[in-house]
Amino acid sequence: MVAAALQTVPEAGRSIAVDAVSHRFDLEGKPLPVLDDVSFDIEPGAFVALLGPSGCGKSTLLRLVAGLDHPVAGSIKVDGAKVGDPDPSRILVFQDPTLFPWRTVRANVALGLEAQGILKTEGRRVDAAIRMVGLEGFDKAYPHQLSGGMAQRVALARALVNRPNLLLLDEPLGKLDSLTRLAMQAELVSLWQQTGLTAVLVTHDVEEAIFLAQRVIVFGPRPARIVADLPVDLPYPRHRGDPQLADLRRQALGHLGLEASW
Amino acid sequence: MTTTETTLRLDVGPVTALQPVTLLAALGWFGAAALLSWWPDLTFQPLVRELSLTWAALGAVVGLFGLFGGRLGRAGAWTQLRGPWLFAIAVATVVWTVLTAKTGILPQPFFPTPQAMFEVFLYDWPKMLHSAWFSVLLLGQGFLWGAAAGFSIGIAMGWSRAFSYWSVPLLRYIGPLPATAWLPLAFFIFPTSGSASVFLIAFSTAFPVAVLTWSGVAAVNRDYYEIARTLGASPRFLILKVAIPAALPHVFVGLFMGLSTSFAVLVVAEMLGVEAGLGWYLQWAQGWAAYANMYGALFVMAAMCSGLITLLFRIRDRVLVWQKGVVRW
Ligand SMILES: Nc1ncnc2c1ncn2[C@@H]1O[C@H](COP(=O)(O)OP(=O)(O)O)[C@@H](O)[C@H]1O
Ligand SMILES: [Mg+2]
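Chains A and B are the protein sequences, given in the same order. In terms of this note's numbering, the first sequence has 80 at position 80, counting the first letter as 1, and numbering is strictly consecutive. In terms of this note's numbering, the second sequence has 109 at position 109, counting the first letter as 1, and numbering is strictly consecutive.
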């Protein structure tokens, strides 16, 4: 029921083609290269994790895919079309929930529909999204009354209510305590399975990447360059103790130059 | 059975019905009344009996609350909370009476007696009320215009580079000028002294509101805009639904500053040109050396200013319910 209200048509999950993308920032007049010739493709409906050390340029890459910035070189295409301005079909969830403090939970979730002028006709999607992240009864709460985990759920609902075809997750669980984090990892997988969207998860947590994604793209230190592309051929639901996961984890750590810690 | 028991107990009333401090305050007011009528005044004072009776009546009412306040609902709760204040005011009244009417330690007519103040309020209240109403209207007009102008200017400055390029230097140069400095010119330029005053009050309000609104918009977290943009927001939505609500706490600080400065401008404008309002009343009373009337006008003016500030606080609490840890007024 709930899922039905938010269901994207399965084949509507977007494909992404990142082709020879480089990007740099100006830092006090000096160029700071952040992405170096990055290329990869993601097929529709996939769950892909981008794994790399902190500060290597993962968030930058995600912002480029979202259309919030434009690459200095190379091209990014979503469903074959060059990424232009931000669009509600591709939604970025930030590491901080960044809810609007002056809006209630409900009004925060309704933000996208309101901005697109379809809140009147599509209002029931708001309730469905709130139920989907398990926050029934908190509609009227203000963000300062929520815990970190609840706030991040609201941020997820705010994204899902738009029926995105592409969900870009920038370390959305990075600041949660470990128990909440584990619970929400499972929820992310089930949300992805219910909605059929393409999910790209940025993380610096090896375990999280391997537990959630069908494929893990590993980046080296800044300027980010792809150092490995690991398929995770395991069915869902997965089990954290699975020896195959442990093996993949060792591989990923190896690519990050952290073999010694294994 | 149990129901009857509870009703019975209710009939007896809770033990807390008695408010000792409130009773003490009642005693204070009775004392003040007795002292006023039995200790002869130094010089002739009007309305001694009437004032004395008023204080005694006040003592009776306060005493009633002292005895049964615990059962008198919200009013009773208020006297419970404010009992010490009621007592302190009674004591202060006694001291005032003794220092002015009874011993003359504070000389007449600069420090009017309670009787003289009573007379002013008794006979001159229509004029004072009318003046206060006029002041509120004048202030309200000027403040609303000024707030609207300051708010729009501030939003435009925070939003548009071109607008801030041209307006910031002007604002920096002209804004800090006290509005009262325009007074001689304004009375010349505007057709009526009333419209001149509205302009001056608006001017003094607009500056702090514009600056605070501007800084409020400038301080809005960039992420709010990016989130709204990814959710499909138009520039109009970004201004109305992101920038403005996010800047509102700053805007209210500006409104408070504007309201405070506009009080000063109002009084000066009324004293120097407008033929009505509390400022004019003050001026007029000074012309007659009617000190009691001046104190009366100050009293009403304080009530007006405090009332308006309270109103603004109420509005802010209503608008900014989402903020935590705000000061209660
Ligand atoms: N707007 C910006 N201006 C200048 N430098 C930036 C900007 N955004 C990010 N950077 C720099 O780019 C690098 C990569 O940042 P980011 O993509 O956030 O890394 P990650 O998400 O992998 O931790 C960092 O060194 C950061 O300081
Ligand atoms: Mg990051």
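Every residue, glycine too, gets a C-beta built ideally from N, C-alpha and C.
Go ahead and pull the three-state DSSP assignment for Ala49 (chain A).
Residue state, collapsed to three classes: strand.
How would you write the range of the alpha helix (DSSP H) that Leu311 (chain B) sits in, first residue to last?
That run of the alpha helix (DSSP H) goes 291 to 319.
Can Ala151 (chain A) and Pro143 (chain A) be called in contact, C-beta distance under 8 Å?
In this structure, Pro143 (chain A) lies closer than 8 Å to Ala151 (chain A) by Cβ.
Does the beta-carbon of Tyr123 (chain B) have 16 or more other beta-carbons within 10 angstroms, so that it is buried, or is it exposed?
Looking at its Cβ environment, which holds fewer than 16 other Cβ atoms inside 10 Å, Tyr123 (chain B) is exposed.
For the alpha helix (DSSP H) containing Lys120 (chain A), list its first residue and its last residue.
Counting along the chain, the alpha helix (DSSP H) containing Lys120 (chain A) begins and ends at 119 to 122.
Restricting to runs no shorter than 4 residues, where is the alpha helix (DSSP H) found entirely within the stretch 149 to 178 of chain B?
Counting whole runs of 4 or more residues, the stretch 149 to 178 of chain B contains the alpha helix (DSSP H) stretches 161 to 174.
Determine, using beta carbons only, whether Asp223 (chain B) comes closer than 8 Å to chain A.
So, interface residue.
Distance cutoff 8 Å, beta carbons only. Does Ala228 (chain B) sit that close to anything in chain A?
By this cut-off, Ala228 (chain B) is an interface position.
Rounded to whole angstroms, what is the Cα-Cα separation between Arg124 (chain A) and Phe134 (chain B)?
Taking the straight line joining both Cα atoms gives about 51 Å.
Tell me, which residues are paired with Phe263 (chain A) by DSSP?
Here chain A comprises residues numbered 1 to 262, so residue 263 (chain A) is not present and cannot be evaluated.
Go ahead and label Asp233 (chain A) buried or exposed: buried means 16 or more other beta carbons lie within 10 angstroms of its beta carbon, across all protein chains shown.
It is exposed - the Cβ of Asp233 (chain A) has fewer than 16 other Cβ atoms within 10 Å.
Return the bridge partner residues of Thr198 (chain A) from the DSSP annotation.
Paired residue(s): A:Leu166.
So with Cβ pairs under 8 Å, would you call Pro245 (chain B) a contact of chain A?
Closer than 8 Å to some Cβ of chain A, the Cβ of Pro245 (chain B) qualifies, so yes.
Examine chain A for any beta-carbon lying closer than 8 Å to the beta-carbon of Leu72 (chain B), and answer yes or no.
Not one chain A Cβ lies under 8 Å of Leu72 (chain B).
Does the contact criterion of 3 or more C-beta pairs under 8 Å hold for the stretch 81 to 99 of chain A versus the stretch 155 to 164 of chain A?
Yes, they touch.
What does the alpha-carbon distance come out to for the pair Trp214 (chain B) and Gly158 (chain B)?
Taking the straight line joining both Cα atoms gives about 5 Å.
Quick one: does the C-beta of Ser59 (chain A) sit closer than 7 Å to a heavy atom of ligand 2?
At least one heavy atom of ligand 2 is nearer than 7 Å to the Cβ of Ser59 (chain A), so yes.
List the residues of chain B whose Cβ lies closer than 8 Å to the Cβ of Asp87 (chain A), in chain order.
Going along chain B in sequence order, the residues near Asp87 (chain A) (Cβ under 8 Å) are Thr230, Gly232.
Could you say which of B:Gly104, B:Ala297, B:Ser260, B:Trp39 lies nearest to Phe143 (chain B) if we only look at CA atoms?
Of B:Gly104, B:Ala297, B:Ser260, B:Trp39, the residue nearest in Cα terms is B:Ser260.
Using the Cα positions of Ala26 (chain B) and Ile89 (chain B), report the straight-line distance between them to the nearest angstrom.
Cα-Cα distance, rounded: 11 Å.
Report buried or exposed for Gly232 (chain B), applying the criterion of at least 16 other Cβ atoms within 10 angstroms of its Cβ.
Result: buried.
Using a Cβ-based criterion (distance less than 7 Å to any ligand heavy atom), does Glu171 (chain A) qualify as near ligand 3?
Looking at this structure, you won't find ligand 3 anywhere; what it does contain is ligand 1 and ligand 2.
Would the beta-carbon of Gly52 (chain A) be found less than 7 Å away from any heavy atom of ligand 1?
Indeed, a heavy atom of ligand 1 lies less than 7 Å from the Cβ.
At the level of alpha carbons, what is the spacing between Pro191 (chain B) and Ala179 (chain B)?
Rounded to the nearest angstrom, the two C-alpha atoms are 18 Å apart.
What three-state label does DSSP hand Arg225 (chain A) in the structure shown?
Coil at Arg225 (chain A), not helix or strand.
Buried or exposed for Gly137 (chain A), going by 16 or more other Cβ atoms inside 10 Å?
Exposed: under 16 other Cβ atoms inside 10 Å.
Scan the stretch 305 to 324 of chain B for residues whose Cβ lies nearer than 7 Å to a Cβ of chain A and list them as they occur along the chain.
Correct list: Trp322, Lys324.
Once you ignore the five residues that flank Lys77 (chain A) on each side, which residues in its own chain have a CB closer than 6 Å to its CB?
Excluding sequence neighbours, Lys77 (chain A) sits near Ala17.
Could you check where the beta strand (DSSP E) with Leu92 (chain A) kicks off and where it finishes?
Its beta strand (DSSP E) spans residues 90 to 93.
Can you name the residues of chain A whose CB is closer than 7 Å to the CB of Phe237 (chain B)?
Ala115, listed in chain order.
According to DSSP, is Ile105 (chain B) part of a helix, a strand, or is it coil?
If DSSP states are grouped into helix, strand and coil, Ile105 (chain B) belongs with coil.
How long is the line joining the alpha carbons of Gly13 (chain B) and Phe68 (chain B), rounded to whole angstroms?
With a pLDDT of 48 at Gly13 (chain B), under the threshold of 50, the predicted position of this residue should be treated as unreliable, though the coordinate-derived value follows. Looking at the two C-alpha atoms, the distance is approximately 9 Å.
Would you grab the beta carbon distance between Ala228 (chain B) and Leu111 (chain A) for me? Rounded to a whole angstrom, and I think it's under 8 Å.
That belief holds up - the Cβ atoms of Ala228 (chain B) and Leu111 (chain A) are roughly 7 Å apart, short of 8 Å.
Does the stretch 245 to 256 of chain B come within contact of the stretch 283 to 296 of chain B, defined as at least 3 CB pairs closer than 8 Å?
The answer is no - the stretch 283 to 296 of chain B does not touch the stretch 245 to 256 of chain B, with fewer than three Cβ pairs under 8 Å.
Classify Thr43 (chain B): buried if its beta carbon has 16 or more other beta carbons within 10 angstroms, exposed otherwise.
Looking at its Cβ environment, which holds fewer than 16 other Cβ atoms inside 10 Å, Thr43 (chain B) is exposed.
List in chain order: all unbroken alpha helix (DSSP H) runs of 4+ residues lying wholly within the stretch 195 to 260 of chain B.
Fully enclosed alpha helix (DSSP H) runs of 4 or longer: 222 to 230.
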